[in-house]
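All the letters of the sequence shown, read from the start, carry residue numbers 20 to 625 under the numbering used here.
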Amino acid sequence: MAKKRNSERVERPSKETIQKAKGIFKYMRPYRGMFVLGWIFLLLSASAGMVFPFLMGQLLGSGESTTPSMADSIKAIDLNNVSTVVLALFILFAAQSIFSFFRVVIFTNVTENTLRDVRKDAFSRLVHMPMDFFNQNKVGELTSRVSADITQVQDTLRTTIAEFFRQIFTIVIGIAVLALISWKLALIMLASVPVVAIVAVFFGRFIRKLSKEAQSETANSNSILEESLMGISNVKAFTNESMLVRRFTTAINHIRRLNVKSGLWRGAFVSFIIFCVFGAIVLVIWQGILMTQGPDPTLNSKDFFSFIMYTIFMGASISAIPDMYASIQKTVGATENLMSIINEDSEEELMTGELKPALSGKITFENVQFAYPQRSDIEVLKGIDLSVERNQTIALVGSSGAGKSTIASLLLNYYPLTGGSIVFDDTKIEGIDVTHLREHMAIVPQEVLLFAGSIRENILFGKENATNEEIIDAAKQANAWEFIQSFPEGLETAVGDRGVQLSGGQKQRIAIARAILKNPTILILDEATSALDSESEKLVQDALQTLMQGRTSIVIAHRLSTIRSADCIYVMEAGQIAESGKHDELIEQHGVYSKLVQLQTVEHST
Ligand SMILES: Nc1ncnc2c1ncn2[C@@H]1O[C@H](COP(=O)(O)OP(=O)(O)OP(=O)(O)O)[C@@H](O)[C@H]1O
Ligand SMILES: [Mg+2]
């Protein structure tokens, strides 16, 4: 809880942060013409806005002119005539609404265009990130962070910047006009109103912080309550009731203290507002009235009303500025986040292999060592030697966590090796262009993940431009056509989020169809650990047999019955190869493999 509160606090962005955040301007450059136009409309509407308090004041103060009004020199409109002032006001409103309309539309346009480009780049960066990036960043956090950052930048570009400018403009022009109307009164006003307004803003923030603390403490006490009730059987079994009541009491006492404290400050705030803010306003009005009265008035009453209107406008602007400033600071941070994702090194930049050799499917592992970058002290593979010839099938078996799926990841060049080498034909993996390499491979992964969309779209993942016949053919070979056809919508059936609307076996067969469509030189099958019923297993196995024909296959198997015919079986134990050979040879050795086979046969017969 405490941590969350800290991260919410806006920190002053460093120079470096600002430098990085400036990257966003690159995205705005194509729309700069439009942006400038937006600023012109902003300037126009802000200027029109500044005439409003003046006219309002003239209207309110009309009827009792004793001294010449400031505006009497303007002959274009007769400000002594109420109806002309009203007419002028309406013309002003009309102008301002037109300017504001274009300002909003143009700023929105620029923002949306810019953000579309940023989003596109961020997404394309993300999908090109090396695997390790995804180990380091939680996907959920990443997506929520990116979308929160985008929203923050969107708000700022679309409105906050314009508003911020308008407020500053109002204050600067306001002070100038006030000084023009009466510099004496302006000085009195400036010495009181802005000071009070700013103190009020910080006072308000402080109080909000206090009540936030109380809120999070309340959340804390609620979680005690919730946990106690959810785990009530544990609480009772351990006779922890009174301990929990004590903990809860401590928490709620703390809440009481915090709330009482914030109540005290709120009370002080209310008195402050009543006394100081109104006091300051009354002081200014009093001084103003003194100037408009007497035998020698120095201020026209219309101007005096204009003065008050400007003061009100300025007061509002001043009190709006701190929050806007905070929001802009937050945006700088959010922009930096986005830009740092965009500037992160992608796979293409990290993997410098450029060779595009013809890959026949011959693969050799020479003393391959590997540790995941995130856990570099744990060696997952401790010197693996294996080889597979073109069109051969090898099998990897072994206990859970032995490193089988890791080998599949290394074949796809997801991670750099820690030692040794993987050689395709005669080319080391580091030298090969990573896209070229992956284009020659297909994997049916341990856990099939389908994309929300239709079955057709999911199969097409193997080959973007496949014809309808090719898709159906692949589905047939994958033993998937029958169940696809049984759906009323056939290939167009939606699979649901991550494929939840399909069974495990069906998902696997779609993954197989996808791999068949890709027609790879090298095929990697990471057999699912979750057991299928024997009928779907047979369907999946048959489909896999079809798929394995005429290409190099690396099969990671949990059901040993499926790999009897493999050209070589490698038995892995804790990152090493314990045994290797054909099925019959390994059975004769009476080693690990033969034990595993025995165990599985017993399991099946019981
Ligand atoms: N992304 C990762 N980051 C760090 N360590 C990992 C990662 N993936 C796997 N490991 C670790 O590497 C080791 C080998 O994992 P691997 O997935 O290769 O095992 P496996 O042989 O495929 O097991 P199973 O039969 O259960 O699928 C395990 O100890 C695992 O904890
Ligand atoms: Mg695995």
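Note that CB positions come from ideal geometry on N, CA and C, so glycine has one too.
* DSSP three-state assignment for M208, whether helix, strand or coil -> helix
* Residues of its chain near V105, where Cβ-Cβ distance is below 8 Å and the 5 sequence neighbours each way are ignored -> L78
* **Nearest neighbour of A353, chosen from K255, Q173, K557 [CA to CA]** => Q173
* Go through its chain and collect everything with a Cβ distance to R583's Cβ below 8 Å, but skip five positions before and after it. => H602
* Asked: Skipping 5 residues on each side, what residues in its chain have a beta carbon closer than 8 Å to that of T133?
  -> I43, Y46, M47, Y50, L176
* To do: Could you spell out the range, first to last residue, of the alpha helix (DSSP H) harbouring G523?
  => 523-537
* Asked: At a cut-off of 6 Å, is A597 close to ligand 1 when judged by its beta-carbon and the heavy atoms of the ligand?
  -> no
* **Lining residues of ligand 2 - beta-carbon closer than 7 Å to any non-hydrogen atom, in sequence order** => K423, S424, Q465, D545, I575
* Would you kindly check if the distance between the Cβ of N477 and the Cβ of V529 is under 7 Å? => Per the sequence shown, residue 529 should be read as Ile rather than Val. Yes; because the gap between Cβ atoms is below 7 Å, this pair is in contact.
* To do: Could you tell me the distance, in whole angstroms, from the CA atom of F384 to the CA atom of M567?
  => 21 Å
* From R144 to T540, what does the alpha carbon distance come to, in whole angstroms? -> 28 Å
* To do: Kindly identify the DSSP beta-bridge partner or partners of V416.
  => V590
* I397, enclosing alpha helix (DSSP H) - first and last residue -> Premise fails: I397 is in no alpha helix (DSSP H) and is neither H nor E.
* Asked: So what does DSSP say about I543, is it helix, strand or coil?
  -> strand
* **Given 8 Å, three or more beta-carbon pairs between the region 507-519 and the region 417-434** => no
* Near ligand 1: R578 beta-carbon under 6 Å from a heavy atom -> no
* Considering only the beta carbon of each residue, do I573 and I535 sit closer than 7 Å? -> no
* Nonlocal neighbours in the same chain, by C-beta distance under 6 Å from N25, ignoring five residues either side -> Note that N25 scores a pLDDT of 37, beneath 50, so its modelled location is shaky; the value from the coordinates is reported in the next line. The answer is none, since no qualifying residue turns up.
* Asked: Which value, in whole angstroms, describes the spacing of the CA atoms of D561 and A497?
  -> 8 Å
* How many angstroms separate the CA atom of V29 from the CA atom of Q348? -> Because the pLDDT of V29 is 48, which lies under 50, any placement of that residue in the model is unreliable, and the question is left without a value.
* State yes or no: is the C-beta of S261 nearer than 6 Å to some heavy atom of ligand 1? => no
* **Whether S230 touches S281 by CB criterion (7 Å)** => yes
* To do: Would you list, in sequence order, the uninterrupted alpha helix (DSSP H) runs of no fewer than 4 residues that lie entirely inside the region 334-372?
  => 366-369
* Asked: Just to confirm, are L468 and I575 a CB contact at a threshold of 7 Å?
  -> no
* To do: Look at the Cβ atom of E236, then the Cβ atom of I274, and state whether they are nearer than 7 Å.
  => yes
* Simplified DSSP assignment, three categories, for K423 -> helix
* Asked: Who are T258's beta bridge partners in DSSP?
  -> Beta-bridge pairing links T258 to no other residue.
* Per-residue DSSP class, three states only, for V514 -> coil
* With a threshold of 6 Å, establish whether the CB of S419 neighbours any heavy atom of ligand 1. => yes
* Between the Cα of Q38 and those of V351, I308, T437, V463, spot the shortest distance and give me the residue it belongs to. => V351
* Return helix, strand or coil for Q595, following the three-state DSSP convention. => strand
* For ligand 1, any of its heavy atoms closer than 6 Å to the Cβ of Y391? -> yes
* To do: Can you say whether L309 is buried or exposed, counting buried as having 16 or more other CB atoms within 10 angstroms of its CB?
  => exposed
* Could you tell me whether any non-hydrogen atom of ligand 1 is closer than 6 Å to the CB of R394? => yes
* Please indicate yes or no: does the CB of V399 lie closer than 6 Å to some heavy atom of ligand 1? => yes
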